[in-house]
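Visitor: This is the structure I have questions about; it appears just below.
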Amino acid sequence: MSAPTTDTKAKSPTYQDYFINMGPQHPSTHGVLRMIVKLSGETVLGLTPHLGYVHRGIEKMTEAQTAVQITHLTDRLDYLSAHMNNWAWSMTVEQALGIAVPERAEYLRVIMSELTRIASHQLWWGVFGMDLGAFTPFLYGFRDREMINDIFEKSCGSRLTMNYICPGGVTQDVTGEFEGETRRFVEYFKPIIEEYETLVSGNVIIQERTKGVGILPADRAKAYGCTGPVLRASGVDYDLRKNHPYGVYPRFDFRTAVSPEGDSWARYIVRLEEMRQSLKIITQALDQMPKEGPVRTKLPPTLKIPKGRYMARGETARGEIAFFLVGNDSPKPYRVKIRTPCFSNLSAFPEIIKGWRVADIVTVLSTFDVVVPDIDR
Amino acid sequence: MTSTGFWFIDHLWLVPLLPFLGFLVVGLFVQKSGERPASSLAILAIGASMVLSWGAGWEYFTANLGRTLVPLKFEWLRFSPTLIGNMGVLVDNISVLLILVVTTISFLIHVYSQGYMHGDPGYPRFFACLNLFTFSMLGLVLSFSILQIFIFWELVGVSSFLLIGFYWNKPSAVAACKKAFIVTRFADLGFLLGLLVIGYYGKGFDFIYLTSPETIKNLEQTRLPLLGVSVLPLSAILVYAGAAGKSAMFPLHIWLPDAMEGPTPVSALIHAATMVVAGVYLVARLFPLYAATEAGLMTVMVIGAFTSLFAAVIATTQFDIKRVLAFSTLSQLGYMMLSLGVATMDNPLGFTASMFHLTTHACFKALLFLGAGSVIHAVHSNDMRDMGGLRRPLPITHATFLIACLAIAGVPPLSGFFSKDEILAAAWNGEHYVVFAVAMLVAGLTAFYMFRLYFMTFWSYPKDMHRFEHAHESPLSMTFPLMVLAVPSVFLGLVPFSHYVSIGQLEHHGVSIGHLEHHGINWWIAGPASAMGLAGIALAFLLYFHPNGVPGKIAFAFGPLHKLVYNKFYVDELYLFFTKSVIFRFISAPFAWFDRHLVDGSMDWIAQTTLLAGNKVRSSVTGRLQTYLFWSISGAVILGAIVWQIGGTVGWTLAFTGLGLVAMMFIWQFVLQLLNRSEPLKRIKQD
Amino acid sequence: MIGPTLSQYLVFSALLFCFGLYGMLTRRNLIAMLMSVELILNAAALNFVAFHHFLYEGDVGGAVFPVFIIAVAAAESAIALAIIIALFRHKNQLDVQDADSLKN
Amino acid sequence: MMANVFFYILAAFILYSALFVVSAHNLFRSAIGLIAVLLGVAGMYLLMDAQFLSAVQIMVYVGGIVVLIVFVVLLVADVTEKTFQKADRWRKLSAGFVLAVFFGITVWALDSHSFTSASQNAQAASVKDYGRALLSTEKEGFILPFEVISLVLVAALIGAITIAGQTQAPVNGQKELP
Amino acid sequence: MNNFIYKTDSMVEWLTNWLQQHLHNPLLVEIVKMLVGAGVLAGFVSVLAMVLIYIERKVAAHMQQRLGPMRVGPHGIFQTVADSIKLLTKECITPQDVDRFVFNLAPLVCFVAAFVSLSFIPFAPRIQAVNFNVGILFILGISSLGVFGILAAGWASNNKWSLLGAMRAGAQIISYELSAVLALLAILIFAGTLDFKEIVESQRNGWWIWRAHGIGIVAFLIYTIASTAECNRTPFDIVEGESELTAGFHTEYSAIKFAMFFLAEFINVFLVCAISATVFFGGWMPFHIGDMTALNGIFDLVPPFVWFFGKVFALVFVVMWFRWTFPRLRVDQLMRFEWKYLMPLALINLGVGAVLAAYGGFFFNKF
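So, in structure tokens, the structure goes:
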């Protein structure tokens, strides 16, 4: 990618072209994302995202790691969906090696994933408020996320990069308090969602700022490969958990949150609805989960990935993550390609932001809910 | 407003107003909304107007016969305390007669146009213009004063202009409408002069006032100061010039044949039935004035008689169907004028005859034109040589056309017979035997050319098979008016016309109505006239019923004469020659030379001098704000110094300092300009 | 208390007026010229107030005129700035010396 | 005494700022100078017991007009006069000379005229007096100029909007970024 | 009530006498008096700002279910002091390519504008630094000078975000000033004066917010909204808009210059609330209900400055409440709100007020 020029005089003689750099250090890019914005007054004429500021070469790193080690790296992709990333990778490895997963582990995976989803959306909700200038929701969101983090800490010893789900099941069984605490959280959080609604959704300013802003039509969303809430907010009923179920998802009764408008408001309410649905799934999973049993299949000491190509997909809080694994009969993969949701989602962003204001960049980017390490890998 | 106690007469002002509203609405608002609304609105307007005028006519002829009523009158202009231009509505027998004719014919022609103009891109415009014309014509007819009539006179001219030039993308139509306009304008100049003379010396414009014996006596005794001529004949002839222009009397007739470039309904309405009789109407309106002067009457009579003969002769040679009809119209108008000319106050039969003929002529001529239109509509050609044998494809047109032809030829029981007979009788009674002879001859000629037209069109054999095969009868909206018009063409002559229409204010002249009545038919006059008509028909039958070489041979035999007649006696060419060779060459060209070389030349010289001077001076005008500002401030400083202390030493010192400063600045600026001179040049080159 | 006299004010405002005129004459930027005009207007208004204060204190007319001057200044600057913006769009510069389309 | 001191301080301040206005090469600095001048003039009004005028001066001039000017300064790209050719020295000198003469004449004229006060010991005009004067329809009233000024303002605003408001609306994807 | 009028006059008198005895030069005496007044006001301002910042932090914290500063001093009371010391002693960073003069001037302008405005406020009877017959007009004028400081800061920073913020600030403050002034005018018509003291006096028998036939309530709402916008407080804080413009016009400022902006902002909040309290809530006037003399007497016992500060801080609390509740408006929505809703409403309100005043005989200053 050639170095962008911001020398307006040289390129364009008209005074309207006003380039500003949004990022790499900017409060609302949620990481080191750089966007070159061309403005006329406050109106966005064009926007180019520049990536790579947190590029760590994870795909290359995988070639020097074993399958189990790679699980640690997947935490670092979308750090807010650590469990789901782990799960998708584990499924890839399990597919490659033909490993079966114990029943209890499957349920644990579901519960952990849904909790992660809720936590991610809670954080997003707070940050969304902050991006729009309301600071208070941020702390509300963090207050509730704390409980989920506590549950994670107790079950796997870590709060952000859990590395809990691994090929063959989960690393360890949960403690006895787990079920009670999770149930308590679910009971606690159900009314809290309504509180979120009253605190933010009902606000006229929020609605003014989001309704009709940054509309992503369904066909464009599909063309750009958007997934997750971004796609579903454009009216496409596509959820991997429903459409291509994995794990024990078929056993649960839940609904895909879809909203047809495609604007920022739709993305907002889709996420709120997803939280409700996740709570529903968690309750069902807790009810159905075998109280006892192994949580991890015994694996051979070295996992040789057989020659061949394997792929598994999982629905994270931001959309569809996919791992493509090429094995060559060695413990280390020949090649791993990661399809991350945020990268595809972000690709739609420059198109739909044109003609909106500077403040809308923040709004729309916020409702796209990008996590920069997930983009850069 | 003075109420007459009769509703329709009181509301007669609505009659012109409704078409005007129709014109406004159609012209302004429904231009884009298709054909149906435009024509419906226009027909509605004119239909309502027709109903009103019939009501008024009924009221007038049953209850007020012979009276002059003024249902509406208001002061419009006050030139001086004694000279007042009034406007209003004048109701007497001829105006009521005319509004009946105008509204009825106009209504029928509106209906006819609905079919005829179908599919034309200017359809709504056409109806708007038709309405405008009807409005103007009705206003003209109902005019209370000569001033008002002049206004509507011009309005009629304008609407005629618009309608003749309806096909504005056709060069010949444009030329025709220009010609009509210019010729009538030229004539109107005479009218204007005449009305001014009358108004100035007669001290009034109202018709009632002007035609009163006192005024006429007064006018007779007044003499123009410069020429020493009596005012009355002069003004009468001047006004007659206008009338002649509108009615296309001889020297000013050239526009009418060309005006046939307009759509056929227009020809029927304007150039046959209504507008062209405006001249006749005007003369009739001012008839007491004419009757008081021998010269006026003579002019009217002679020109009428000549035109009538002249046009009839030309009509016998023409091949364009509409042109034949146009010349026929000319001839008939001449007839009417002639009739007016032979009438006097003591023997006013000619007046009645003229009005009678006007009415009958309006019916059958409109019928003829509409029939011709129907024919043209069917064969898409104006030329009679392309037609022939059309009686089978166009049965209704054929039948009605035949009726009209018989009527105009004066075949006994039809309307034309009676009116024509009355005119002849009037001429005979007036002891104008030459005129009577001419009229007799014209009657024969009329029958001949009309039946020439009729046989060439409907009998004979189809000359152009292609056109013939495609000819078919027109739609009902077109044939309906034909059928309606055929009825009065037949029966109108049976109306005891002179009972209803005669010179107004008869009481003043001591003539009782009874004297006027045309009791029965004087067969000593009517017989030969009918015979002449039948002879003409017979001649036409012989020459044209079956196509043969006889007409060609006759034309060849009379070689130069035929050519002369065929080319309408070269009147147009004469005009052209006169304008181009005489006026342009010997008057305009010297004026133009003078204008260009002396008047313009002096201006050019001044301009060039100024330009030169300006070029010298403009280096001090930089176009830069601050330079100007500087000069103004410097000037203010100097002025301030001088004004403040005009005599003091200090003041003068300051003033001179300032002046010197300005001079210095000026020189500096000049030098600067000299130094920078190359820069603007460069810029100019770049541009 | 001996305050400043009328003459002091008048001389001062004359000086301010001259400064404004100087700016009008020498600045090449249209906006700068506009600012100079404001100086001139202020000098005039100051004169009004000074006369009002020292000579016609009972008559409020002299004090009302600065209000009008301010209003006119507002109108004038609004129009002038609009023209300046239009000119800038058109020519992409504001040099009054180059704005000589009316020359010759 | 006090007033005299204030007067001289203010006068010096205003003149210095005025010099700043007419000589600063940076338009923004000129605008700052203009604000200083206007504030100083407002101070002078205060010295002359014209509080209302002073307040109006600050409110309308400083708060409105100058902010408008600053806005335009920010809108147009060339804030500094660096790109301009330097105003030539001749121009400056001649202007200075003419104005010096002008000033001399004025001072001399002022000096040679003795002003006599028409009314002594009158009250300073209060806001009510202003209101009465502006809206009075009597002989001494200023209702007509007041209305005319209002009209002029409205016309100026509309004119300004029409002149300056003809901006091209940004079109989506008008020009791709480099 | 007269018992509780604090004898500031005597203090001034005493000070004048003392100075005259020791200095002998009247000019010097005047100057020293001015300096003393300014010093007192400056001290008041700095204490006020610290108190306001502390209040803001605590209000924010409790609205967000946290405690806020708790470490320095009891309940973190000295946190603000510590912060101020930190801000004053930090290194003053001036970026390389800024216009130094303007860059350094801008915070001063902001600060001085706020500071000067404060001197017109009557805190209690006769406690008022300057009394003008057009005081309120002056305050409005001078506080609009603050816009210029913001514009200058934004421009001088040579930072595109700052410039964007500055342009927003200019547009916003000028626009909302209209509504604020119009809202105040509606009340001033009733009061019939522009003098703060007289405005307060005119509310002896009841506050304008109640007495102005509903005009007062509407005007108060409009003024509260508009003044919130004028102070660049949420939901109108698009000028700073930290999630959009990083920090808007003061992005490049640090240490004491930043502190001045900060201070100016808080003083402005206090100022608009003080104006609001003075014009709508009777300033230091106690709450009186018609003829209930006994109750009124009880209210009179409360010292006037307590009334004043009580009202002002209540209003300040409302403004803070806004900030921690609302998200931010977008710039076009902001302008639309002003020009399409707020200002027409204010104009209508003013018109209705004028009609009421003209036909209702509501000139209460004639006592």
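From first to last, the protein sequence lines are chains A, B, C, D and E.
If you count by the working numbering, then the first sequence holds residues 1 to 377, one letter each, in order.
If you count by the working numbering, then the second sequence holds residues 1001 to 1687, one letter each, in order.
If you count by the working numbering, then the third sequence holds residues 2001 to 2104, one letter each, in order.
If you count by the working numbering, then the fourth sequence holds residues 3001 to 3178, one letter each, in order.
If you count by the working numbering, then the fifth sequence holds residues 4001 to 4367, one letter each, in order.
Heads up, the beta-carbon is just placed ideally off N, CA and C, and yes, glycines get one too.
1. Using the C-alpha atoms, what's the distance from Y1112 (chain B) back to F1480 (chain B)?
2. Have a look at the DSSP bridge pairing and note the partners of E1075 (chain B).
3. Is the CB of S1634 (chain B) under 7 Å away from at least one CB in chain D?
4. Would you check if the segment 4322-4331 of chain E and the segment 358-377 of chain A touch, i.e. whether three or more CB-CB distances between them fall below 8 Å?
5. Residues of chain C with a CB under 8 Å from the CB of Y3130 (chain D): which are they?
6. Can you tell me whether S40 (chain A) is buried or exposed? The criterion is at least 16 other CB atoms within 10 Å of its CB, across all chains shown.
7. Is any non-hydrogen atom of the ligand NAP found closer than 6 Å to the C-beta of I4077 (chain E), if you look at the structure I gave you?
8. If we count the other Cβ atoms within 10 Å of its Cβ and call it buried at 16 or more, is H1519 (chain B) buried or exposed?
9. Report the neighbours of L1629 (chain B) on chain C: residues whose CB is nearer than 7 Å to its CB, in chain order.
10. Could you tell me the distance, in whole angstroms, from the CA atom of V1266 (chain B) to the CA atom of L1163 (chain B)?
11. Using 8 Å as the Cβ pair cut-off and three pairs as the minimum, do the segment 4218-4229 of chain E and the segment 4181-4188 of chain E touch?
12. May I ask you to report which of helix, strand or coil DSSP gives G1514 (chain B)?
13. Quick check on DSSP: helix, strand or coil for V4040 (chain E)?
14. Are the CB atoms of S1374 (chain B) and S1477 (chain B) nearer to each other than 7 Å?
15. DSSP on G1533 (chain B), reduced to helix/strand/coil?
16. Identify each residue in the segment 4121-4133 of chain E for which the Cβ-Cβ distance to at least one residue of chain D is less than 7 Å, and report them in chain order.
17. Which residues in the same chain have their Cβ closer than 7 Å to the Cβ of A2071 (chain C), if we skip the five residues on either side of it in sequence?
18. Which residue comes first and which comes last in the beta strand (DSSP E) that contains K337 (chain A)?
19. Relative to the alpha-carbon of V4352 (chain E), which residue among E:S4243, E:G4214, E:F4326, E:N4296 has its alpha-carbon at the smallest distance?
20. By the criterion of Cβ-Cβ separation under 9 Å, what are the contact partners of A3055 (chain D) in chain B?
21. Going by beta carbon distance, what residues of the same chain come within less than 8 Å of V1089 (chain B), once the five residues before and after it are set aside?
22. Measure the CB-CB distance between V44 (chain A) and I353 (chain A) and report whether it falls below 7 Å.
23. For M4292 (chain E), count neighbouring Cβ atoms within 10 angstroms of its own Cβ and tell me buried if that reaches 16, exposed if not.
24. Listed in chain order, which residues of the segment 4297-4316 of chain E have Cβ atoms closer than 9 Å to some Cβ of chain D?
25. For Q1626 (chain B), would you say it is in contact with chain C, using Cβ-to-Cβ distances shorter than 7 Å as the test?
26. Are any of the Cβ atoms in chain E nearer than 7 Å to that of R267 (chain A)?
27. Just to confirm the assignment, what range does the alpha helix (DSSP H) spanning M275 (chain A) have?
28. Kindly indicate which residue of B:A1173, B:K1170, B:F1161 has the alpha-carbon position closest to the one of R1185 (chain B).
29. For a cutoff of 7 Å on Cβ pairs, would you count V1102 (chain B) as touching chain D?
30. Taking Cβ positions only, does P2004 (chain C) come closer than 7 Å to chain B?
31. First and last residue of the alpha helix (DSSP H) that includes F4123 (chain E)?
32. Let me make sure I understand the geometry here. Which of E:I4121, E:L4301, E:F4326, E:M4335 has the alpha-carbon closest to that of N4369 (chain E)?
33. Can you pull the chain E residues whose beta carbon is under 7 Å from the beta carbon of V3148 (chain D), in chain order?
34. Look at the alpha carbon of V4036 (chain E) and the alpha carbon of T4193 (chain E), and state the distance between them as a whole number of angstroms.
35. Say whether chain B places a C-beta atom closer than 7 Å to the C-beta of H3025 (chain D).
36. Identify each residue in the segment 4244-4258 of chain E for which the Cβ-Cβ distance to at least one residue of chain A is less than 7 Å, and report them in chain order.
Guide: Checking against the coordinates, here is how it stands:
1. For this step, residue 1480 (chain B) is matched to residue 480 along the second sequence. For this step, residue 1112 (chain B) is matched to residue 112 along the second sequence. Their backbone Cα atoms lie some 8 Å apart in a straight line.
2. Here residue 1075 (chain B) refers to the residue found at position 75 of the second sequence. Among the bridge pairs identified by DSSP, E1075 (chain B) is matched with B:N1086.
3. Translated into the one-based positions of the second sequence, residue 1634 (chain B) becomes position 634. Closer than 7 Å to the CB of S1634 (chain B) there is at least one CB belonging to chain D.
4. The segment 4322-4331 of chain E and the segment 358-377 of chain A touch, with three or more beta-carbon pairs separated by less than 8 Å.
5. Walking along the fourth sequence from the start, residue 3130 (chain D) turns up at place 130. Simply V2060, A2063, V2064, V2067.
6. Start at 1 with the first residue of the first sequence, and residue 40 (chain A) comes out as number 40. So S40 (chain A) ends up on the buried side.
7. Questions concerning the ligand NAP fall outside what the structure shown contains, since it holds no ligand whatsoever.
8. Taking the first residue of the second sequence as 1, we reach residue 1519 (chain B) at position 519. Residue placement at H1519 (chain B) is poorly supported in this model, since its pLDDT is 49, which falls under 50; the coordinates still yield a value, given next. Burial call: exposed.
9. For the purposes of this step, residue 1629 (chain B) is taken as the residue at position 629 of the second sequence. Simply M2024, L2025.
10. Residue numbering aside, residue 1266 (chain B) sits at position 266 when the second sequence is read from its first letter. Residue numbering aside, residue 1163 (chain B) sits at position 163 when the second sequence is read from its first letter. Computed Cα separation, rounded: 7 Å.
11. With the cut-off at 8 Å, the segment 4218-4229 of chain E and the segment 4181-4188 of chain E touch.
12. Here residue 1514 (chain B) refers to the residue found at position 514 of the second sequence. At G1514 (chain B) the pLDDT is 43, less than 50, meaning the model places this residue with poor confidence and gives no usable figure here.
13. Taking the fifth sequence and counting its residues from 1, one reaches residue 4040 (chain E) at position 40. Secondary structure at V4040 (chain E): helix, using DSSP grouped into helix, strand and coil.
14. As a working mapping, residue 1374 (chain B) is identified with position 374 in the second sequence. As a working mapping, residue 1477 (chain B) is identified with position 477 in the second sequence. Result no, Cβ atoms of S1374 (chain B) and S1477 (chain B) do not sit closer than 7 Å.
15. Along the second sequence, one-based indexing puts residue 1533 (chain B) at 533. In the three-state DSSP reduction, G1533 (chain B) falls in the helix class (H, G or I).
16. Going along the segment 4121-4133 of chain E in chain order, one finds F4132, N4133 with a Cβ nearer than 7 Å to chain D.
17. Translated into the one-based positions of the third sequence, residue 2071 (chain C) becomes position 71. Closer than 7 Å at the Cβ level, and outside the excluded window around A2071 (chain C), lies no residue.
18. Within the first sequence, the letter at position 337 stands for residue 337 (chain A). 335-339 is the span of the beta strand (DSSP E), which, as asked, contains K337 (chain A).
19. Within the fifth sequence, the letter at position 352 stands for residue 4352 (chain E). Checked all of E:S4243, E:G4214, E:F4326, E:N4296; the closest Cα to V4352 (chain E) is E:G4214.
20. If you number the fourth sequence from 1, residue 3055 (chain D) lands on position 55. Result: empty, since nearest Cβ-Cβ is about 33 Å, beyond 9 Å.
21. The count along the second sequence starts at 1 and reaches residue 1089 (chain B) at position 89. L1012, W1013, V1070, P1071, L1072, K1073, L1142, F1144.
22. For the purposes of this step, residue 44 (chain A) is identified with residue 44 of the first sequence, where counting begins at 1. For the purposes of this step, residue 353 (chain A) is identified with residue 353 of the first sequence, where counting begins at 1. Yes, the pair counts as a contact, with Cβ atoms nearer than the cut-off.
23. Locating residue 4292 (chain E) in the fifth sequence gives position 292, counting from the first residue. Its Cβ having fewer than 16 others within 10 Å, M4292 (chain E) is exposed.
24. Under the 9 Å Cβ criterion, the segment 4297-4316 of chain E contributes no residue.
25. Position 626 of the second sequence, counted from the start, is the residue given in the question as residue 1626 (chain B). At least one chain C Cβ lies under 7 Å of Q1626 (chain B).
26. For the purposes of this step, residue 267 (chain A) is taken as the residue at position 267 of the first sequence. So no, R267 (chain A) is outside the interface.
27. Numbered from its first residue, the first sequence carries residue 275 (chain A) at position 275. Start and end: 264-288.
28. Against the second sequence, residue 1185 (chain B) aligns to sequence position 185. Nearest of B:A1173, B:K1170, B:F1161 to R1185 (chain B), Cα basis: B:F1161.
29. Here residue 1102 (chain B) is taken as the residue at index 102 of the second sequence, counted from 1. In terms of beta-carbon proximity, V1102 (chain B) stays away from the interface with chain D, with every pair separated by 7 Å or more.
30. Taking the first residue of the third sequence as 1, we reach residue 2004 (chain C) at position 4. For P2004 (chain C), the answer is no, since every Cβ of chain B falls outside 7 Å of its Cβ.
31. If you number the fifth sequence from 1, residue 4123 (chain E) lands on position 123. No residue range can be given for F4123 (chain E), since it is assigned to no alpha helix (DSSP H) and is classified by DSSP as neither H nor E.
32. This structure leaves residue 4369 (chain E) out entirely; chain E is present only between 4001 and 4367.
33. Here residue 3148 (chain D) refers to the residue found at position 148 when the fourth sequence is read from its first residue. Going along chain E, no residue has its Cβ under 7 Å from V3148 (chain D), so there is no contact; the nearest lies around 22 Å.
34. For this step, residue 4036 (chain E) is matched to residue 36 along the fifth sequence. For this step, residue 4193 (chain E) is matched to residue 193 along the fifth sequence. Taken atom to atom, the span from the alpha-carbon of V4036 (chain E) to that of T4193 (chain E) is near 30 Å.
35. In the fourth sequence, the residue the question calls residue 3025 (chain D) occupies position 25. By this cut-off, H3025 (chain D) is not an interface position.
36. Residues of the segment 4244-4258 of chain E with a Cβ closer than 7 Å to any Cβ of chain A, in chain order: E4244, T4246.
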